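Chemist: Residue numbers (full-length UniProt numbering): 1 to 315.
All C-beta atoms in this analysis are idealised placements derived from N, C-alpha and C, irrespective of residue type, glycine included.
Every value quoted in this text rests on a predicted model; they were computed, and no experiment measured them.
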Amino acid sequence: MYYPWERGTTDRLDQEATITAAPLDEDAATDLARTLLSEGHPIDEVVARTGLDQNHVEMLASSSVKPDVARLAQYINDRLRELGMSQLEASKLGLVSRSSLNLLGKAKKDGKELRVPGRAMLSKLDELCSWEPGSAHDIMFGAQPVPRETQVGKRPRPVINPDADDDFDNLGVWIEKRLLELQMTKSRLAAIGGPGRTTLATLGKRGYQTSPETLERLDTHLMWEPGSALATLKGGTPVNRRIEIKPHPALVPVTSVIDKLKVLKSRAERQQLTIDQQIKDIDQALSQAYLVVEDLGTPRPFQITTPTTTSSSSS
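1. Quick one: residues in its chain with C-beta nearer than 8 Å to the C-beta of Asp295, no 5 flanking neighbours on either side, listed in chain order?
2. On the criterion of 16 or more Cβ atoms from any shown chain inside 10 Å, does Tyr75 qualify as buried, or is it exposed?
3. How about Glu225 and Arg157: do their beta carbons lie closer than 8 Å?
4. Going by beta carbon distance, what residues of the same chain come within less than 7 Å of Arg71, once the five residues before and after it are set aside?
5. Please go through the same chain and pick out, in chain order, the residues whose beta-carbon is closer than 6 Å to the beta-carbon of Asp126, but skip the five residues on each side of it.
6. Around the C-beta of Met59, are 16 or more other C-beta atoms found within 10 angstroms, so that it is buried, or is it exposed?
7. Using only the alpha-carbon positions, how far apart do Gly193 and Ala231 sit?
8. Would you mind stating whether Arg267 and Gly94 have Cβ atoms separated by less than 8 Å?
9. Compare the beta carbon distance of Val96 and Leu128 with 8 Å and say whether it is the shorter of the two.
10. Hey, Val69 and Leu37: beta-carbon distance below 8 Å or not?
11. From Asn77 to Asp166, what distance separates their C-alpha atoms?
12. Tell me Asn240's beta-bridge partners as DSSP assigns them.
13. Give me the DSSP bridge partner(s) of Pro133.
14. So Thr214 and Thr199 are supposed to be a Cβ contact under 8 Å. How far apart are they, rounded?
15. Terminal residues of the continuous alpha helix (DSSP H) containing Phe168?
16. DSSP state of Arg81, grouped into three classes?
17. Determine whether the beta carbon atoms of Val146 and Trp131 lie at a separation below 8 Å.
18. Applying the criterion that 16 or more other CB atoms from any shown protein chain within 10 Å of the CB defines a buried residue, is Val159 buried or exposed?
19. Report the CB separation of residue 355 from Ala90 in whole angstroms; it is logged as a contact under 8 Å.
20. Assuming Asp163 is part of the alpha helix (DSSP H), what are its boundary residues?
21. For Ser97, report the span of its alpha helix (DSSP H) as first-last.
22. Under 6 Å Cβ to Cβ from Gly235, same chain only, skipping five residues before and after it: list those, please.
23. Quick check on this structure: which residue in Val263, Lys280, Asn161 has the alpha carbon closest to the alpha carbon of Ala229?
24. Tell me the DSSP secondary structure of Pro117 in three-state form.
25. Just curious, the alpha helix (DSSP H) that Lys186 is in, first and last residue?
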């Protein structure tokens, strides 16, 4: 015995399972994308579940999903803290006023809907937060911003299949190949901060499992894009960083230092702009104070004249 609503639920679940299991045509994928977006799923997840191009999903989000201005405000505040700036300090840069930053995403007293920032304001927010163009817009529709410091020398990301079995042989082959390309020995790899020879020798043996830290060190010191070591462990291929040449081994540790220095330089430049603005504000305040002091200074003494007595009057 079953109830009609149970049958409807079962049919709906079966349809969803069918959609997930079978490849979707463009119309069905678009309908599913709209449904997922309306339920609040982020753009990245919708792209993965529907197979649609990210630009297509972003267009659907812009046309069918209400922009989440409060989410944008939260991301901006988090980014400003990451850059070491308060809203006041950020406003001194001259891009966005403090009041605009403070009111962004807050409900109005009259109950009206939140005002969605226009294209010009979104562009200024991208510049203020050092995001790639379009990031502020994408945040309102569930996507993640792209910091500019991550775009230097950007390459395709490695493809990771999390459901695949660990393939330590594949990982070992790619490590050996990369060491030859870099003209580096395993001892040299360990000396500059990579996994030691013992760790590399025991990969996949006696139940040894590779830790996330080991995979991250492989990515860093073999000059692979983040996630490459995990991709090779799952049977995939790594993605080399920067140009495909045989770099000098000294470039490996220097590259990681350069990446950190670029982030620090970006923060320092913004702090310097803040300091310069503060100096201008102080100079202006001093000028005004000097004028007040001059106006309130000691007045000139009045000249008192004594009447001159004539000789006729004295006689």
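Modeler: Result, derived from the coordinates:
1. none
2. buried
3. yes
4. Ile139, Met140
5. Pro133, Ser135, Ala136
6. exposed
7. 21 Å
8. no
9. yes
10. no
11. 40 Å
12. Trp224
13. Paired residue(s): none; Pro133 is not in a bridge.
14. 6 Å
15. 168-181
16. helix
17. yes
18. exposed
19. Past the edges of the chain, shown from 1 to 315, lies residue 355, and the structure says nothing about it.
20. No alpha helix (DSSP H) holds Asp163; DSSP gives it neither H nor E.
21. Careful: Ser97 lies outside any alpha helix (DSSP H) and carries neither H nor E.
22. Ala164, Asp167, Asn170
23. Asn161
24. coil
25. 186-191
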